[in-house]
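> If you scroll down you'll find the structure; I have some questions about it.
Residue numbers (the numbering used here), protein chains in the order written: chain A, 304 to 415; chain B, 483 to 907.
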């Protein structure tokens, strides 16, 4: 049985799609809801719990999507930037460790 | 008798005309009546009581009422269904300092302006944990209703309320504020015999739209179609906010946008607001909503999946089942129960769980999911979210939300209040 993941849904508009195409990741988007595209960034249960603790406004939608929702845009933008820079979706370990090391300064840092 | 509200009682407005109110304030001040400035939470419920939103309540509950509500889900008469305690709390220290005692008439003020007369008939204490368990089914302080209960001060005062100084409802809420009597007048003008209430604290997506349309079609039944004999009342709950909620202005204006842009005919659709701090009491709150909307003159009330619930405290259909436990005839409103609506990629439409046979292909969407999409700055497809509603959200974010459509700390500090109490003169 595949391991259960607890995704963060990054909703994809044209601008994001272009960046994903350039990173060779456009194929990882799923089409849901009448053609709307989403990129699901996986989290383990441990990462999910950490995210919910660090960003208290977020919630795990147990009823409908089974995903981590309501993260602020700047947080999701940063996760998206990491995905594009690393050309992979498995970026949450790096995201969490960088945020834990640098705190709020992380939001204004460029992804190297 | 006209304007019969919940419990079979006539809706009575407990409001003094302006001249009489000024005279009363002068008399009370001359007699050195005690004065008490109340917080927003209490002021909101004073208004609700005075206009009959909470009919047959004439004031804040006495201990007998609170006990009956908690134990039997009725008022102290043992007959009138009531699900949520409506209480006036005060700290022991403030109570002693104020010298307020039973049978006093207290002049309530709000933002230091004369507001209402409070006839104190009972002063009591409550076991807050017991109340939380009975009303919310949990004592977990993470539940917002339980949290509110624990935040109550240690003394409670019961007694009748008379409003002296009506609220000034501020923009953009002014045109959406109708009292129970005004609402009933409006229904008469529209010729509606059937009024279906849609309870909301959200910006609408097409799942909500279809819930309303489904309820309308279902309830219209065999009434003649020569002219619209029924309509949908969107009664948005405006009250205390949590960070991340939609801002109130976006809720009400986006609801209105559905009618303005023809997703509902103008003559079958009305958007209004009521002042209420959601308790998220799930099934009990569903019963409370039924009583509230009976007072507004509604004949039907929609109850969806997990109505007024929060987290996983309630089964998604507890708020339906509770109506089976109420004595027959105790509510004068017909509940309309809804299953889920979802997007079906095979039917290529928003459709109803009770009719669509592609359950394994369904794409469920929730308010939370739509919020997530909007927060990402992505415009959802029109079959999921109406473009005019999306544009209105963006407009509200700029105009009222300090750049954000969702409640932030900044919004809570700087927003224009929904109502103000001005000097009485």
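Beta carbons: idealized from backbone N, C-alpha and C, even for Gly.
I'd like to know if residue 593 of chain B contacts chain A, where contact means its C-beta is closer than 7 Å to some C-beta of that chain.
By this cut-off, residue 593 of chain B is not an interface position.
> Secondary structure at residue 318 of chain A, three-state DSSP: helix, strand or coil?
The answer is helix: DSSP assigns residue 318 of chain A an H, G or I state.
> Quick one: using the 10 Å Cβ neighbour count with 16 as the cut-off for buried, is residue 731 of chain B buried or exposed?
Label assigned to residue 731 of chain B: buried.
> For residue 280 of chain A and residue 347 of chain A, I'd like the C-alpha separation in whole angstroms.
Shown here, chain A extends from 304 to 415; a query on residue 280 of chain A therefore has no answer.
> Run through chain B and tell me which residues come within less than 8 Å of residue 367 of chain A, C-beta to C-beta.
Under the 8 Å cutoff, chain B gives 846, 847, 848, 850, 851.
> Going by C-alpha to C-alpha distance, which of A/381, A/388, A/353, A/387 sits closest to residue 371 of chain A?
Residue 371 of chain A has its Cα closest to that of A/353, out of A/381, A/388, A/353, A/387.
> Determine whether the Cβ of residue 761 of chain B lies closer than 7 Å to any Cβ atom of chain A.
Chain A contact via Cβ: absent.
> Tell me whether residue 803 of chain B is buried or exposed, calling it buried when 16 or more other Cβ atoms sit within 10 Å of its Cβ.
Counting Cβ neighbours within 10 Å, residue 803 of chain B comes out exposed, since fewer than 16 surround it.
> Does DSSP put residue 555 of chain B in a helix, a strand or coil?
It is coil, neither helix nor strand.
> On a Cα-Cα basis, can you pick out the residue from A/307, A/308, A/331, A/309 that is closest to residue 315 of chain A?
Nearest option by C-alpha distance: A/331.
> Considering only residues of the same chain and omitting the five flanking positions on each side of residue 613 of chain B, which have a CB-CB separation below 8 Å?
Answer for residue 613 of chain B: 548, 552, 567, 631, listed in chain order.
> Tell me whether residue 834 of chain B sits in a helix, a strand or coil according to DSSP, three-state version.
Residue 834 of chain B: strand per DSSP, three-state reduction.
> For residue 898 of chain B, collect the residues of the same chain with a Cβ closer than 8 Å to its Cβ; drop the 5 residues on either side in sequence, then sort them by chain order.
Same-chain partners within the cutoff: 652, 653, 882.
> Mind checking who residue 364 of chain A pairs with in its DSSP beta bridge?
Paired residue(s): A/370.
> Under a three-way DSSP split, which group does residue 876 of chain B fall into?
Note: residue 876 of chain B maps to helix in three-state DSSP.
> Any chance the stretch 530-542 of chain B sits against the stretch 657-675 of chain B, with 3 or more Cβ pairs inside 8 Å?
With a cut-off of 8 Å, the stretch 657-675 of chain B and the stretch 530-542 of chain B count as touching, because enough Cβ pairs lie within range.
> How about residue 639 of chain B and residue 678 of chain B: do their beta carbons lie closer than 7 Å?
No; because the gap between Cβ atoms is not below 7 Å, this pair is not in contact.
> Return the chain-ordered ranges of every beta strand (DSSP E) run that is complete within the stretch 591-664 of chain B and spans a minimum of 3 residues.
DSSP runs (the beta strand (DSSP E)) wholly in the stretch 591-664 of chain B: 595-606, 637-645.
> Just the chain A side, please: which residues come within less than 7 Å of residue 863 of chain B by C-beta, in chain order?
Chain A residues near residue 863 of chain B: 336, 337, 338, 339.
> Whole-angstrom Cβ separation of residue 506 of chain B and residue 498 of chain B, contact assumed at under 8 Å?
About 6 Å; that satisfies the 8 Å criterion.
> By Cβ distance below 8 Å, which residues in the same chain neighbour residue 397 of chain A in space, the five residues on each side in sequence not counted?
Taken in chain order, the residues that qualify are 385, 389.
> In the DSSP assignment, find the alpha helix (DSSP H) that holds residue 507 of chain B and state where it starts and stops.
Element bounds for residue 507 of chain B: 500-512.
> Of all the options B/597, B/724, B/488, which has the alpha carbon lying nearest to the alpha carbon of residue 626 of chain B?
Among B/597, B/724, B/488, the Cα nearest to that of residue 626 of chain B is on B/724.
> Figure out for me which residue from B/616, B/643, B/500 has the closest Cα to the Cα of residue 529 of chain B.
Of B/616, B/643, B/500, the residue nearest in Cα terms is B/643.
> Taking Cβ positions only, does residue 842 of chain B come closer than 7 Å to chain A?
For residue 842 of chain B, the answer is no, since every Cβ of chain A falls outside 7 Å of its Cβ.
> Could you tell me which whole alpha helix (DSSP H) segments of length 4 or greater appear in the stretch 782-860 of chain B?
If we require 4 residues or more, the alpha helix (DSSP H) runs fully inside the stretch 782-860 of chain B come out as 800-803, 849-857.
> Could you round the C-beta distance between residue 577 of chain B and residue 514 of chain B to whole angstroms and report it? I think they count as a contact, below 8 Å.
No, residue 577 of chain B and residue 514 of chain B are not in contact; Cβ-Cβ is about 18 Å, not under 8 Å.
> Looking only at DSSP bridge pairs, what is residue 529 of chain B linked to?
Partner(s): none; residue 529 of chain B has no beta bridge.
> Verify the CB distance criterion: does residue 726 of chain B have a CB-CB separation below 7 Å to chain A?
Cβ-Cβ to chain A under 7 Å: yes for residue 726 of chain B.
> Strictly below 9 Å CB to CB, what residues from chain B border residue 419 of chain A?
In the structure displayed, chain A extends from 304 to 415; residue 419 of chain A sits before or after that span and is not available.
> Are the beta-carbon atoms of residue 647 of chain B and residue 597 of chain B separated by less than 7 Å?
Yes, these two residues count as a Cβ contact at 7 Å.
> What are the residues in the stretch 807-829 of chain B lying within 7 Å of chain A by C-beta distance?
Going along the stretch 807-829 of chain B in chain order, one finds 825 with a Cβ nearer than 7 Å to chain A.
> What does residue 376 of chain A touch in chain B if you count any residue whose Cβ is under 9 Å from its own?
In chain order: 857, 858, 859.
> Which residues in the same chain have their Cβ closer than 8 Å to the Cβ of residue 696 of chain B, if we skip the five residues on either side of it in sequence?
If we look at residue 696 of chain B and ignore the five residues flanking it on each side, its Cβ neighbours are 820, 823, 834.
> Evaluate residue 641 of chain B with the Cβ neighbour count: other Cβ atoms within 10 Å of its Cβ, from every protein chain shown; 16 or more gives buried, anything less gives exposed.
Flag for residue 641 of chain B reads buried.
> Cβ closer than 8 Å: which chain A residues qualify as neighbours of residue 704 of chain B?
Under the 8 Å cutoff, chain A gives no residues; its nearest Cβ is about 35 Å from residue 704 of chain B.
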